[in-house]
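Trainee: Quick one: this structure, given as structure tokens, is what I'll be asking you about.
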Amino acid sequence: MQLSYQVGILGATGAVGTELLALLQERQFPLKSLVLMASERSVGKTTPWGVIKPIAAASLAGLDFVFGCTGKDLAQQWSGAITEAGAVFIDNSSAYRLTHPLVVPEVNALDLHDHQGIIANPNCSTILMVLALGPLHRVRPIRRVVVSTYQAASGAGLPAMAELQAQTAQVLQGQVPQPEVFPFPLAFNLFLHDSPMTPLGYCEEELKMIYETRRILHVPDLAVTATCVRVPVLRAHAEAVNIEFYDPFPVAEARAILAQAPGLRLLEDWEHNRFPMPLDASGKDEVLVGRIRQDLSNPCALDLWLVGDQIRKGAALNALQIAETLIAQA
97 MQLSYQVGIL GATGAVGTEL LALLQERQFP LKSLVLMASE RSVGKTTPWG VIKPIAAASL
157 AGLDFVFGCT GKDLAQQWSG AITEAGAVFI DNSSAYRLTH PLVVPEVNAL DLHDHQGIIA
217 NPNCSTILMV LALGPLHRVR PIRRVVVSTY QAASGAGLPA MAELQAQTAQ VLQGQVPQPE
277 VFPFPLAFNL FLHDSPMTPL GYCEEELKMI YETRRILHVP DLAVTATCVR VPVLRAHAEA
337 VNIEFYDPFP VAEARAILAQ APGLRLLEDW EHNRFPMPLD ASGKDEVLVG RIRQDLSNPC
397 ALDLWLVGDQ IRKGAALNAL QIAETLIAQA
């Protein structure tokens, strides 16, 4: 059995790539070598983990895993070369989410068995939500999901986080912020998600949650609707989720299931109205879940609130867990 692995990171200088590098060390991933790749403007830069190399076929030689932390165009451009070099490509972009295994290891690890060299990391908001949906769905099938998201600046990368910080200072100084990364000012404001709008009346982010949730739970016709909102939070997404089942689901039973579910941590203090917040989840592996309650309008539905670090479990950590699971399954 192979005891150490040669790993490449495509987009090593971005928010997800940087987080992945820290996690490789933190989780003591069995590394034999590490190749960092990024765009031309970053080539040659020295990092604590090594020198940035160009994205090129020569950089891929001998790698066992390549983590894609770029947009879908680069993922599609280089996926063929990555798999031809013999590496497994674990891609964080949206390029292969509807055509290749789409995996959250705590929920559908068995889907990794026939990956054919490419595995898709789901959308960050989808990952956070299915960690709660999966264990409930295994006990009582889900009929419909209604979700509203409250998504942090981190979802748009390091430049977006820096813009929120700068805009906050500008507003506090009485200035009018001028957005560059986002279409509208985010400081002391919120707006519906800035991904492209589609003819269906949903933005792309909302459709990702719909289509990806169906694939991960293996329910092609699952009724899902989403409204995604960008909020002035630096890091960690929040979601209000309404889950309708075919039969009533006792709150105590659902709470007990979620309290034991892998990847989740229950956080509820009903007496003090204290439930998960982005500050609680930032930098944490677990997705925090709470305020689990009966939907008073529907005897077969439950409401819950969850918060998770978008860069960590919503992207880098989930990708790394996919690799760890593949190693364990070998």
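Here our numbering is used: the first residue of the sequence shown is 97, the next is one more, and so on. We treat Cβ as the ideally placed atom computed from N, Cα and C, and that holds for glycine.
Work out the CA separation of Asn188 and Leu119 for me, nearest whole Å.
Mentor: Roughly 15 Å between the two C-alpha positions.
Trainee: Let me know the beta strand (DSSP E) ranges lying completely inside the region 312 to 357, each 3 residues or longer, listed in chain order.
Mentor: Segments of the beta strand (DSSP E) lying fully in the region 312 to 357: 319 to 326, 333 to 341.
Trainee: Quick one: residues in its chain with C-beta nearer than 8 Å to the C-beta of Ala283, no 5 flanking neighbours on either side, listed in chain order?
Mentor: Leu260, Gln263, Thr264, Gln266, Val267, Pro273, Pro328, listed in sequence order.
Trainee: Could you have a look at Ser244 and say whether DSSP puts it in helix, strand or coil?
Mentor: Note: Ser244 maps to strand in three-state DSSP.
Trainee: Once DSSP output is grouped into helix, strand and coil, what is the label at Val162?
Mentor: Strand, per DSSP.
Trainee: Could you spell out the range, first to last residue, of the alpha helix (DSSP H) harbouring Trp174?
Mentor: Run containing Trp174: 168 to 180, per the alpha helix (DSSP H) assignment.
Trainee: On the criterion of 16 or more Cβ atoms from any shown chain inside 10 Å, does Arg326 qualify as buried, or is it exposed?
Mentor: That one is buried.
Trainee: Threshold first: 3 residues or longer. Then list the beta strand (DSSP E) segments lying entirely within the region 100 to 147, N to C.
Mentor: Listed in chain order, they are 101 to 106, 127 to 134.
Trainee: Whose C-beta lies closer than 6 Å to the C-beta of Pro150 among residues of the same chain, with five residues either side of it excluded?
Mentor: So the qualifying residues of the chain are Val139.
Trainee: Going residue by residue through the region 279 to 318, where are the continuous alpha helix (DSSP H) segments of at least 4 residues, counting only ones entirely within it?
Mentor: Runs of the alpha helix (DSSP H) inside the region 279 to 318: 300 to 313.
Trainee: Quick one: give me the first and last residue of the alpha helix (DSSP H) that Gly58 is part of.
Mentor: Any property of residue 58 remains undetermined from this structure, which presents the chain solely from 97 to 426.
Trainee: Measuring alpha carbon to alpha carbon, tell me which of Asn394, Asp381, Leu400 ends up nearest Leu416.
Mentor: It is Asp381 whose Cα lies nearest to the Cα of Leu416.
Trainee: Identify the continuous alpha helix (DSSP H) that holds Ala419 and give its terminal residues.
Mentor: Segment 413 to 425, the alpha helix (DSSP H) holding Ala419.
Trainee: Quick check: the region 221 to 237 against the region 352 to 361, are there 3 or more CB pairs under 8 Å?
Mentor: Because the criterion of three Cβ pairs below 8 Å is met, the region 221 to 237 and the region 352 to 361 touch.
Trainee: According to DSSP, is Arg370 part of a helix, a strand, or is it coil?
Mentor: Strand, per DSSP.
Trainee: Mapping DSSP to helix, strand and coil, what is Lys409?
Mentor: Correct three-state label for Lys409: helix.
Trainee: Contact check, Leu106 vs Val162 under 8 Å by CB: the rounded distance?
Mentor: Yes, Leu106 and Val162 are in contact; Cβ-Cβ is about 6 Å, under 8 Å.
Trainee: For Leu159, count neighbouring Cβ atoms within 10 angstroms of its own Cβ and tell me buried if that reaches 16, exposed if not.
Mentor: That one is buried.
Trainee: Using only alpha-carbon positions, find the residue among Ala108, Ile223, Leu392, Pro144 that is nearest to Gly167.
Mentor: Closest option to Gly167, Cα to Cα, is Ala108.
Trainee: Would you kindly report the start and end of the unbroken alpha helix (DSSP H) that includes Leu227?
Mentor: First-last of the alpha helix (DSSP H) with Leu227: 220 to 235.
Trainee: Could you round the C-beta distance between Leu117 and Trp145 to whole angstroms and report it? I think they count as a contact, below 8 Å.
Mentor: Indeed, because the Cβ distance is near 5 Å, the residues count as touching under 8 Å.
Trainee: Within this structure, are the beta carbons of Leu286 and Cys299 separated by less than 9 Å?
Mentor: Not in contact: Leu286 and Cys299 (Cβ atoms no closer than 9 Å).
Trainee: Using a Cβ distance threshold of 8 Å, determine whether the region 236 to 243 contacts the region 206 to 219, with at least three qualifying pairs required.
Mentor: Short answer: they don't touch.
Trainee: In whole angstroms, what is the alpha-carbon distance linking Ala412 and Leu330?
Mentor: Straight-line Cα distance between these residues: approximately 17 Å.
Trainee: State the start and end residues of the unbroken alpha helix (DSSP H) segment that holds Leu156.
Mentor: Start and end: 153 to 156.
Trainee: Spatial neighbours of Ile407 within its chain, please: CB distance less than 7 Å, with the 5 preceding and 5 following residues excluded, ordered by chain position.
Mentor: Ala111, Val112, Glu115, Ser250, Arg331, listed in sequence order.
Trainee: Can you say whether Val337 is buried or exposed, counting buried as having 16 or more other CB atoms within 10 angstroms of its CB?
Mentor: It counts as buried.
Trainee: Nearest CA to the CA of Val235: which residue from Pro344, Glu364, Gly164, Ser244?
Mentor: Checking every option, the nearest Cα to that of Val235 belongs to Pro344.
Trainee: Taking 9 Å as the threshold (C-beta atoms), are Glu308 and Cys396 in contact?
Mentor: Contact: no.
Trainee: Ordered along the chain, which non-local residues of its own chain (more than five positions away) have a Cβ less than 6 Å from that of Pro372?
Mentor: Here the set comprises Leu363, Leu384, Gly386, Val403.
Trainee: According to DSSP, simplified to helix, strand and coil, what is Pro201?
Mentor: Note: Pro201 maps to helix in three-state DSSP.
Trainee: Across which residues does DSSP place Arg361 in a beta bridge pair?
Mentor: According to DSSP, which records beta bridges pairwise, Arg361 is partnered with Leu384.
Trainee: Measuring only the C-alpha atoms, how far is Gln271 from Leu375?
Mentor: Computed Cα separation, rounded: 27 Å.
Trainee: Would you give the residue range spanned by the beta strand (DSSP E) that Leu398 belongs to?
Mentor: First-last of the beta strand (DSSP E) with Leu398: 397 to 404.
Trainee: Is the beta carbon of Cys165 sitting closer than 9 Å to the one on Gly410?
Mentor: Contact: no.
Trainee: To which residues of the same chain is Ala191 closer than 7 Å at the C-beta, ignoring the five residues directly before and after it?
Mentor: Taken in chain order, the residues that qualify are Lys168, Ala171, Gln172.
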